[in-house]
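K.L.:
Protein chains: 2
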Amino acid sequence: MKKTYLHALALMLTGLLALPAAAQKQFTLEDLNFGGTNYRNMIPQSRSLKWWGDQLVRLSSDTCWLVNVSNGKEKILFTRDKLNKRTGTSAKPAEVARLNGASFPYPNKPLVLINTADQRLLINFKTGNEEWSQQLCAGAQASEWNQESRAVAYVHNDNLFVTDAMGKTRQITTDGSRNLVYGQSVHRNEFGIEGGLFWNPDGTRLAFYRMDQSMVADYPLIDVPELDDSARVMAAPAPEKYPMAGQTSHLVTVGVYDMITGDTLYLRAGNPTDRYFSNISWSPDGAIIYMMEGNRDQNEVSLVAYDAATGKPITTLYHETHPNYVEPQHPITFLPWDDSKFILWSEKDGYNHLYLMDTMGHELQQITSGNWVVMDLLGFDADREAVIISANAASPIQQNLYRVDVATGTMTRIDEDGKGWHTGMLSANGHLLVDYYQGPDVPRNINIVDTRSGEQQRYFTAPDPWQGYAVPEYRCGSIKAADGYTDLYYRLVLPPDFDETRKYPTVVYVYGGPHAHNVDARWHYASRSWETYMAQRGYVLFILDNRGSENRGRDFEQATFRQLGQVEMQDQMCGVDFLRTLNYVDTTRLGVHGWSFGGFMTISLMTNYPDVFKVGVAGGPVIDWKWYEVMYGERYMDTPQANPEGYARTSLIHKAKDLKGRLQIIIGLNDPTVVPQHAYSFLKACIAAGTQPDFYVYPGQGHNMMGHQSVHLHERITRYFDDYLK
Amino acid sequence: MKKTYLHALALMLTGLLALPAAAQKQFTLEDLNFGGTNYRNMIPQSRSLKWWGDQLVRLSSDTCWLVNVSNGKEKILFTRDKLNKRTGTSAKPAEVARLNGASFPYPNKPLVLINTADQRLLINFKTGNEEWSQQLCAGAQASEWNQESRAVAYVHNDNLFVTDAMGKTRQITTDGSRNLVYGQSVHRNEFGIEGGLFWNPDGTRLAFYRMDQSMVADYPLIDVPELDDSARVMAAPAPEKYPMAGQTSHLVTVGVYDMITGDTLYLRAGNPTDRYFSNISWSPDGAIIYMMEGNRDQNEVSLVAYDAATGKPITTLYHETHPNYVEPQHPITFLPWDDSKFILWSEKDGYNHLYLMDTMGHELQQITSGNWVVMDLLGFDADREAVIISANAASPIQQNLYRVDVATGTMTRIDEDGKGWHTGMLSANGHLLVDYYQGPDVPRNINIVDTRSGEQQRYFTAPDPWQGYAVPEYRCGSIKAADGYTDLYYRLVLPPDFDETRKYPTVVYVYGGPHAHNVDARWHYASRSWETYMAQRGYVLFILDNRGSENRGRDFEQATFRQLGQVEMQDQMCGVDFLRTLNYVDTTRLGVHGWSFGGFMTISLMTNYPDVFKVGVAGGPVIDWKWYEVMYGERYMDTPQANPEGYARTSLIHKAKDLKGRLQIIIGLNDPTVVPQHAYSFLKACIAAGTQPDFYVYPGQGHNMMGHQSVHLHERITRYFDDYLK
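Protein chains in written order, with my numbering: chain P, 7 to 732; chain D, 7 to 732.
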């Protein structure tokens with residue numbers, strides 16, 4: 007593979023300029039925390055790239071360049087100034103404030119799609135002429151544009167509207183409310199659901215979600231007025247529809263609006279009570295809707311095809327069951343070269359793999375296989391009938407890019423070196439791929455890859471943004487899980503002036519839940535910046551991805567079924583056993599910190615192993631799964647009615663009495679995900695038991711602290727360990 | 007004065023048995039805190055006494071004794087067992103569970119008034135016959151019984167009912183709700199209001215409050231289910247009608263129900279908007295209602311008489327104004343020997359004193375006067391036309407008992423020694439008085455006093471309940487206020503093994519607001535038990551009643567007008583200056599703690615004097631008076647619209663940035679008095695300013711932590727000082 011060395015000189019100079027240790031700069035939380043005042047300067051630089059068909063375009067705020075994919079050289083395609091001096095508008099053109107959001111929907115036309123404050127525009131960037139415009143709806147709750155019909159669907163004041171390319175707007179629904187939600191995400195964003203508007207390919211039909219949540223209980227969140235809000239004096243209720251495990255859930259149906267007839271119908275999917283409708287997609291001809299239909303138990307799922315013109319079911323193409331749960335997360339994807347075949351994702355062989363199916367419901371073949379998982383389907387090289395994917399086939403902690411021959415399943419790695427973590431962005435014809443690459447020592451490389459030859463063109467090499475700073479040492483390795491044979495990956499972060507003859511206070515950072523992992527082969531092994539800050543202050547940090555976490559296959563994840571936290575704790579205690587083998591770890595000064603599921607893990611560990619962990623900080627913790635939502639909660643725990651022992655065993659209410667060390671619980675007062683009742687109930691239990699956790703709340707914040715409040719939060723977390731562990 | 011020495015021997019023995027210091031017992035919070043498991047054993051014993059006309063009765067759970075007022079000797083009057091074997095009931099009599107709540111409404115009849123779980127009974131304790139019974143309303147929200155007519159008025163499901171002596175019940179209102187409140191306290195318990203049902207003397211007419219609060223904003227409190235409540239899963243809104251300063255307030259009117267006619271009318275007091283109706287009383291003949299009527303500005307008050315038969319105003323008897331505020335707190339009291347004259351309380355000469363008025367509205371004379379205040383009007387010696395009061399005429403920190411000749415104002419002290427703190431309970435004819443007495447070294451003495459001769463009969467001497475414990479030293483003294491001349495009283499609590507050559511961390515406990523004081527001549531100078539606990543742990547405690555606090559006259563209190571906290575802080579800093587003169591106070595380790603107004607003071611001091619106070623714990627703190635309620639808030643601060651500078655100057659939102667030391671804020675999640683918005687908004691301001699207070703919340707608790715939760719709270723407060731100040 008060929009590489010360019012444009013930045014080699016810069017790298018060498020950087021090396022020469024390295025300061026002696028004594029003069030090395032110290033990090034602040036403003037440097038390291040997102041929301042920090044210097045954060046942007048401290049993360050590896052990147053490039054904002056877009057495909058214009060098969061041509062590569064780079065965007066900055068004011069300039070758009072065309073990138074020569076053979077040598078990485080750039081030439082200006084247009085400037086923001088040019089767009090703002092555009093012709094073809096009646097009055098003074100409204101300002102395009104920045105180019106970053108631009109896209110290029112038509113491969114063969116020099117048209118840029120970009121918004122002003124109130125318009126969506128297509129501008130011919132060669133002539134400078136505004137070719138088309140569309141009014142944006144101010145305050146839209148959701149919106150989806152189709153590039154073929156140029157129609158936009160949007161939700162405003164809870165109702166669904168469609169504006170066509172000519173600017174004609176039709177209101178599709180009239181009874182929308184907070185009880186009756188149209189065109190927005192449903193099932194609380196589980197099952198891969200991110201939105202509720204689905205255009206067919208040519209933009210003539212719109213499928214949309216309708217969710218009746220009138221029967222769902224309101225969790226009583228409270229909105230405290232902003233301090234500079236002179237119009238509001240008193241705090242106000244901010245109720246959140248929240249179906250708790252085992253309780254009454256919402257009813258979802260799927261509507262279809264036909265642009266040509268103006269008619270709306272609903273898919274005849276039967277009684278929606280206790281069912282999940284997810285992963286909506288369209289047939290290439292735009293006539294059929296495919297949907298994954300699951301039961302409330304989440305132990306079976308069907309792929310059903312519907313006639314979009316009548317709403318009638320056509321056929322069930324696929325059915326999958328598992329005694330624990332089946333979790334569809336990806337819509338089907340049709341082969342661009344054969345409208346009768348599509349790719350289906352399934353974990354049925356134990357790992358997430360791709361299967362080739364036909365529209366008669368026949369499984370034609372398993373495309374990928376092995377004890378690893380497909381992470382993303384980037385697209386196709388249609389001419390040669392290959393699919394481009396990312397997967398962790400090389401190592402459980404890596405993500406690499408592969409070309410897979412659909413017919414044979416032959417898989418060829420096409421990233422730079424088979425190491426690290428690669429995120430791909432495929433061109434229209436699939437011949438070219440932009441590869442964003444981070445490795446443990448690679449801040450960020452961007453390569454342009456020929457997906458057929460595997461040839462690499464280094465386009466960008468980010469300099470080390472931490473040059474001159476006293477950087478900790480990041481180590482990665484694996485230990486055995488509590489089952490004795492499963493490999494678990496860990497990260498160790500050691501103070502910059504690490505001296506292995508010393509004893510360091512050590513903090514275990516933990517998440518531990520499904521759909522996430524902490525340790526991978528990204529820059530610094532994906533270390534969170536707070537770990538660096540803590541290492542600088544003289545702590546050792548240890549992070550272990552226990553069983554239950556993602557990317558390791560079905561059984562690895564499902565080991566925790568009906569008993570969340572139990573197996574995870576066993577594995578984390580294997581981590582502690584490993585720490586005991588490290589002479590530089592002061593095991594009399596062990597701390598633990600985590601957020602969300604990690605907050606649950608933190609309190610679980612503090613109360614189940616009160617003599618092991620001296621200090622803990624638990625953010626947004628689940629305390630009892632009966633207060634968590636139906637979709638996620640029942641998948642892993644079943645209902646409280648069906649699994650009373652599991653709920654009782656994992657509940658931290660009963661563990662409140664066992665708290666010995668210092669534990670600070672931190673929540674967002676407006677957390678709609680893990681509602682404050684969890685923390686409040688744990689405090690109640692502790693007060694009754696005579697134990698003394700500490701507590702803090704961020705008013706106005708949700709499940710995570712946003713913006714600069716994250717800096718405040720991490721100062722707070724740090725101070726707690728400084729106070730009691732150091 | 008004659009004294010008996012019944013307990014002298016016991017006291018001597020106690021002294022002889024004192025343990026050497028090394029073996030002295032240590033206090034726990036279970037000993038010292040109300041709600042603590044051993045608290046009842048650690049407070050000075052008392053005796054539950056009641057007057058049966060002019061005969062003195064002692065009650066325990068199972069026995070009732072008659073006390074010989076000449077020698078204190080007791081003989082059994084009846085037992086609980088006797089009442090439970092009573093005759094005159096059809097079925098098996100319901101159980102009287104304990105005698106403690108019994109009373110003796112008819113001086114000349116051997117009848118005891120007592121309740122079973124569901125009945126109010128009059129039992130002849132001589133014959134053991136049940137003479138009369140009345141069903142109790144389960145779940146009544148308020149209830150008031152009249153001993154003459156034996157009718158009871160009560161509120162159930164928000165509506166008002168009256169049941170007469172014969173058991174006939176009539177529903178008086180039908181439209182009661184949480185918006186329309188009948189028969190309960192109004193104006194948020196300010197102006198001395200404690201209830202909303204007022205019988206005329208013979209129980210034939212009932213005056214009652216009606217409060218329309220439909221226009222008052224709801225503060226969104228949240229109710230977290232009890233952990234053992236299996237019927238409720240989710241937290242629920244628990245809105246509290248809360249009129250904030252400057253906002254729309256409720257409308258109060260006064261109804262009169264006539265038992266004889268069955269009619270209800272409302273006093274024609276005019277438009278109730280922004281007016282306060284308080285201190286309702288009846289003329290002795292039960293035909294006229296007297297009421298104090300104040301304006302929203304609280305700078306004028308009128309005493310108005312109404313015809314109870316028509317609701318029409320008869321006359322305005324009295325009118326008082328003050329540029330700051332006038333605060334009526336006591337209903338008028340008619341002279342028992344002259345129905346045309348009554349006693350009015352007023353602070354108009356600068357101190358709370360009694361005035362003799364006639365029903366034509368003439369002020370006949372000032373009965374009491376001097377630079378001290380009348381604290382309670384206990385009753386009259388009608389035969390000799392004297393009034394019995396308690397007052398702090400002897401010293402600002404004492405409460406003594408006096409007989410005052412109404413005609414001449416001649417005042418005679420009638421308590422044991424003119425020291426300490428005496429609380430009186432007067433017999434029917436006013437010849438005898440029970441004097442409950444505490445002094446700095448007197449746990450509790452109970453004397454029976456002849457109010458004419460002043461002769462004392464020692465009835466009970468409580469042993470020192472802390473015998474054998476290592477008890478701190480309590481000192482009391484005065485310093486000058488920041489005005490240079492006003493005396494302020496302080497209490498110092500010193501560790502049991504006090505060594506004045508050492509330096510002690512010192513905590514200032516503060517309240518500082520109106521209607522309260524902390525230092526007086528009660529046992530241990532009224533030291534709060536937590537102070538003893540802290541002293542035992544090696545802290546010095548300092549408590550100073552600043553200007554603004556109670557019992558010192560109008561100008562002392564009103565020095566804080568329109569700028570709550572400012573003068574109070576100046577005075578507290580005089581206290582700190584005094585502490586600097588004490589070599590054993592380590593002024594580098596000064597802490598501060600207070601609750602409610604004291605929480606406001608704590609944060610005010612922490613942020614205005616960030617280099618003086620290192621550690622603070624603020625409970626239920628007011629942060630900005632604009633979030634406090636109309637009645638109390640506007641009295642001292644006027645409205646935010648009328649006093650924007652005052653609100654801005656005293657707001658702690660602007661001071662959040664100045665926090666340097668360690669500050670823990672603690673609130674009850676269900677605090678309906680200082681609503682959580684105060685603390686949340688302060689946290690918001692601190693987060694924005696980058697300062698780091700700590701925070702804790704007691705879910706389900708109100709403005710104060712009740713029961714055993716108080717023990718948890720004080721362990722928490724103590725730990726905070728131990729962590730950061732010790």
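Each residue gets a CB set at the ideal place from its N, CA and C atoms; glycine is no exception.
#1: Keeping to the same chain, check which residues put their C-beta closer than 6 Å to that of Arg238 of chain D; ignore five residues upstream and five downstream.
#2: Please tell me whether Ile178 of chain P and Leu186 of chain P are closer than 8 Å, where the distance is taken between their beta carbons.
#3: Can you find a heavy atom of the ligand NAP that lies under 7 Å from the Cβ of Thr279 of chain D?
#4: Please confirm whether Met18 of chain P has its beta-carbon closer than 8 Å to some beta-carbon of chain D.
#5: Would Ser352 of chain P pass as a contact of Thr365 of chain P if the rule is Cβ separation under 8 Å?
#6: Taking Cβ to Cβ, would you say Leu273 of chain D is nearer than 8 Å to Ile295 of chain D?
#7: Residues of chain D with a CB under 7 Å from the CB of Lys5 of chain P: which are they?
#8: Quick check on the burial criterion: 16 or more other C-beta atoms within 10 angstroms. Buried or exposed for Thr210 of chain P?
#9: Under 8 Å between beta-carbons, which chain P residues line up against Gln715 of chain D? List them in chain order, please.
#10: According to DSSP, which residues form a beta bridge with Pro319 of chain P?
#11: Cα separation between Trp57 of chain D and Trp343 of chain D?
#12: I need the boundaries of the beta strand (DSSP E) containing Thr85 of chain P, first residue and last residue.
#13: Can a CB atom of chain D be found closer than 8 Å to the CB of Ser687 of chain P?
#14: By a C-beta neighbour count over all protein chains shown, 10 Å radius and 16 as the cutoff for buried, is Pro699 of chain D buried or exposed?
#15: Out of D:Asn710, D:Gly708, D:Ala694 and D:Tyr686, state which residue places its alpha-carbon closest to the alpha-carbon of Phe701 of chain D.
#16: Spatial neighbours of Asp37 of chain P within its chain, please: CB distance less than 6 Å, with the 5 preceding and 5 following residues excluded, ordered by chain position.
#17: Put Tyr188 of chain D into one of helix, strand or coil per three-state DSSP.
#18: Taking all protein chains shown into account, decide if Gln683 of chain D is buried (16 or more other Cβ within 10 angstroms of its Cβ) or exposed.
#19: Determine the direct distance from the alpha carbon of His599 of chain P to that of Ile120 of chain P, and round the result to whole angstroms.
#20: So is Ala24 of chain D buried or exposed if we call it buried at 16+ other beta carbons inside 10 Å?
#21: Output, in chain order, the set of chain D residues within a Cβ distance shorter than 7 Å of Ala242 of chain P.
#22: Hey, how far is the Cα of Leu83 of chain D from the Cα of Ser401 of chain D?
#23: Once you ignore the five residues that flank Phe340 of chain D on each side, which residues in its own chain have a CB closer than 6 Å to its CB?
#24: Within this structure, are the beta carbons of Tyr726 of chain P and Val623 of chain P separated by less than 8 Å?
#25: Measure the CB-CB distance between Asn377 of chain P and Gly490 of chain P and report whether it falls below 8 Å.
#26: Would you please verify whether the beta carbon of Glu36 of chain D is less than 8 Å from any beta carbon of chain P?
#27: For the candidate residues P:Val680, P:Met637, P:Pro646 and P:Thr697, whose alpha-carbon lies nearest to that of Lys663 of chain P?
#28: Leaving out five residues before and five after Val1 of chain D in sequence, what residues of the same chain have Cβ atoms less than 6 Å from its Cβ?
#29: What residue from P:Tyr539, P:Thr69 and P:Val516 has the CA that sits closest to Asn106 of chain P's CA?
#30: Quick check on Gly426 of chain P: buried or exposed, where buried means 16 or more other Cβ atoms within 10 Å of its Cβ?
#31: Using the Cβ count rule (16 or more neighbours within 10 Å means buried), how would you classify Lys8 of chain P?
#32: Could you tell me whether any Cβ in chain D is nearer than 8 Å to the Cβ of Val623 of chain P?
#33: Name the chain D residues that come within less than 8 Å of His718 of chain P, Cβ to Cβ?
#34: So which residues of chain D does Arg725 of chain P contact, with C-beta pairs closer than 8 Å?
#35: Is the distance from the Cβ of Val477 of chain P to the Cβ of Asp421 of chain P below 8 Å?
#36: Can you give me the C-alpha to C-alpha distance between Gly605 of chain P and Gly625 of chain P, rounded to a whole angstrom?
P.N.:
By the coordinates alone:
#1: Here Arg238 of chain D has Pro231 as same chain residues with Cβ atoms under 6 Å from its own Cβ, once five neighbours each way along the sequence are excluded.
#2: One thing to note: Ile178 of chain P has its Cβ no nearer than 8 Å to the Cβ of Leu186 of chain P.
#3: With respect to the ligand NAP, the structure offers nothing, as it holds no ligand at all.
#4: At Met18 of chain P the pLDDT is 41, less than 50, meaning the model places this residue with poor confidence; the figure from the coordinates comes in the next sentence. No, because no Cβ of chain D sits closer than 8 Å to the Cβ of Met18 of chain P.
#5: Not a contact, by the Cβ cut-off of 8 Å.
#6: For Leu273 of chain D and Ile295 of chain D, yes; Cβs fall inside 8 Å.
#7: Chain P is shown only over 7 to 732; residue 5 of chain P falls outside these bounds and no answer can be derived.
#8: The C-beta of Thr210 of chain P has 16 or more other C-beta atoms within 10 Å across all chains shown, which makes the residue buried.
#9: Simply Ile693.
#10: Partner(s): P:Tyr312.
#11: CA-to-CA, the gap between Trp57 of chain D and Trp343 of chain D works out to about 21 Å.
#12: Thr85 of chain P -> beta strand (DSSP E) spans Glu80 to Thr85.
#13: Closer than 8 Å: yes.
#14: Flag for Pro699 of chain D reads buried.
#15: When C-alpha distances from Phe701 of chain D are compared across D:Asn710, D:Gly708, D:Ala694 and D:Tyr686, the shortest belongs to D:Tyr686.
#16: For Asp37 of chain P, where only same-chain residues beyond five positions count, the Cβ hits under 6 Å are Asn44 and Met48.
#17: Tyr188 of chain D falls in the strand class under three-state DSSP.
#18: Per the 10 Å Cβ criterion, buried.
#19: It is roughly 43 Å from the alpha-carbon of Ile120 of chain P to the alpha-carbon of His599 of chain P.
#20: Residue confidence is low: Ala24 of chain D scores 46 on pLDDT, short of 50, so the model does not pin down where it sits. Its coordinate-derived value is still stated next. Looking at its Cβ environment, which holds fewer than 16 other Cβ atoms inside 10 Å, Ala24 of chain D is exposed.
#21: Correct list: Pro226.
#22: Going from the Cα of Leu83 of chain D to the Cα of Ser401 of chain D covers about 40 Å.
#23: Take Phe340 of chain D, set aside five residues on each side of it, and the residues of its chain with a beta-carbon closer than 6 Å to its own are Pro290 and Phe348, in chain order.
#24: Between Tyr726 of chain P and Val623 of chain P, the C-beta gap is smaller than 8 Å, which places the two residues in contact.
#25: Not closer than 8 Å, so no.
#26: Output row for Glu36 of chain D: interface = no.
#27: With distances taken between Cα atoms, Lys663 of chain P lies closest to P:Thr697.
#28: The structure shown does not extend to residue 1 of chain D, since chain D spans only 7 to 732, so no value can be given for it.
#29: The shortest Cα separation from Asn106 of chain P among P:Tyr539, P:Thr69 and P:Val516 belongs to P:Thr69.
#30: With 16 or more other Cβ atoms within 10 Å, it is buried.
#31: With a pLDDT of only 37 at Lys8 of chain P, under 50, the local geometry of the prediction cannot be trusted, and the value read off the model is given with reservation. Label assigned to Lys8 of chain P: exposed.
#32: Not closer than 8 Å to any Cβ of chain D, the Cβ of Val623 of chain P fails to qualify, so no.
#33: Simply Ile693, Gly696 and Gln698.
#34: Correct list: Gln698.
#35: No, the pair does not count as a contact, with Cβ atoms beyond the cut-off.
#36: About 5 Å.
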